[in-house]
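Counted from 1, the sequence shown has number 480 at position 101 by my numbering; the numbering is strictly sequential. For each residue, glycine too, the CB sits at the ideal point set by N, CA and C. See structure below.
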Amino acid sequence: MTTRNGQIKNFTSNSGPQHPAAHGVSRSVLEMNGEVVERAEPHIGSLHRGTEKLIEYKTYLQALPYFDRLDYVSTMAQEHAHSSAVERLLNCEVPLRAQYIRVLFCEITGISNHSLASTTHAMDVGASTPFLWAFEEREKLLEFYERVPGARMHASFIRPGGVAQDLPLGLCRDIDSSTQQFASRIDELEEMSTGNRIWKQRLVDIGTVTAQQAKDWGFSGVMLRGRAT
Numbered sequence: 380m381t382t383r384n385g386q387i388k389n390f391t392s393n394s395g396p397q398h399p400a401a402h403g404v405s406r407s408v409l410e411m412n413g414e415v416v417e418r419a420e421p422h423i424g425s426l427h428r429g430t431e432k433l434i435e436y437k438t439y440l441q442a443l444p445y446f447d448r449l450d451y452v453s454t455m456a457q458e459h460a461h462s463s464a465v466e467r468l469l470n471c472e473v474p475l476r477a478q479y480i481r482v483l484f485c486e487i488t489g490i491s492n493h494s495l496a497s498t499t500h501a502m503d504v505g506a507s508t509p510f511l512w513a514f515e516e517r518e519k520l521l522e523f524y525e526r527v528p529g530a531r532m533h534a535s536f537i538r539p540g541g542v543a544q545d546l547p548l549g550l551c552r553d554i555d556s557s558t559q560q561f562a563s564r565i566d567e568l569e570e571m572s573t574g575n576r577i578w579k580q581r582l583v584d585i586g587t588v589t590a591q592q593a594k595d596w597g598f599s600g601v602m603l604r605g606r607a608t
């Protein structure tokens, strides 16, 4: 901000921790000039959960629930990573049907994860409606979780060698029906967010990253998919 004698004086502000429980998540100390960030000092926090140490004396199957908790809004993707690593070590062949079921639920997980990430970001810049609408759709995805392993979040469904059990009758039909409805809701969410002039004022040309920079810096998920070529 500009003082009476014309000098520019920046101020510092904390950004985060963002999680309501604030258990060791990242925080940034920002040096601000109005709404412009002049400098950022990141504090990563105590994010390490000690998973490797915890599973030293566990079997491969007993270790599985720990991976659900590495990212509790992308649980089956973490299970898939663990199970795939075990299968490669043991040279284990996964049945074709189990492979398809894994991919199906990893895609459901990805939609759930990305919808939450994108709309909580929208809420951070002042748009709360997309978050509430996306949560309504995400609830339907969690019901698909519940119909297979019986748990809405920590599923322990994708296991070394395949999956815990086969899909119940009618589930694939219901998933297909839900995706048709979700397509129209995506258009509404986009209109409420990317079509909003306040959204554009706060995000367009802010913190731009090229596709090559995204690869060099190890971006993943929403951040990588959103990069322009």
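If you draw a straight line from the Cα of glycine 413 to the Cα of lysine 579, it is about 17 Å long. The C-alpha of asparagine 389 is placed about 48 Å away from the C-alpha of isoleucine 434. The three-state secondary structure of glutamate 458, taken from DSSP, is helix. Per DSSP, reduced to three states, the secondary structure at isoleucine 565 is helical.
Between the alpha carbons of isoleucine 554 and tryptophan 512 lies a distance of about 19 Å.
The Cβ neighbour count for glycine 541, taken over all protein chains shown within 10 Å, is at least 16; the residue is labelled buried. Contact holds between the stretch 446-459 and the stretch 486-495, because three or more Cβ pairs, one in each stretch, are under 8 Å apart.
Its chain contains Tyr439, Pro539 as the residues whose beta carbon lies nearer than 6 Å to that of valine 465, once the 5 sequence neighbours on both sides are disregarded; these appear in chain order. Nearest Cα to histidine 422 within the set Ser405, Tyr436, Glu410: Ser405. In the displayed model, methionine 411 falls within a strand according to three-state DSSP. Inter-segment contact for the stretch 543-560 and the stretch 521-533 is present: three or more beta-carbon pairs are separated by less than 8 Å. Check the Cα spacing between methionine 571 and each of Ala543, Gly600, Ala501, Leu521: the tightest is with Ala501. If you ignore the 5 residues before and after serine 535, its C-beta comes within less than 6 Å of the C-beta of Leu443, Pro444, all in its own chain and listed in chain order. Taking every protein chain shown into account, the CB of leucine 568 has 16 or more other CB atoms within 10 angstroms, so this residue is buried.
Around the beta carbon of asparagine 470, fewer than 16 other beta carbons lie within 10 angstroms, which makes this residue exposed.
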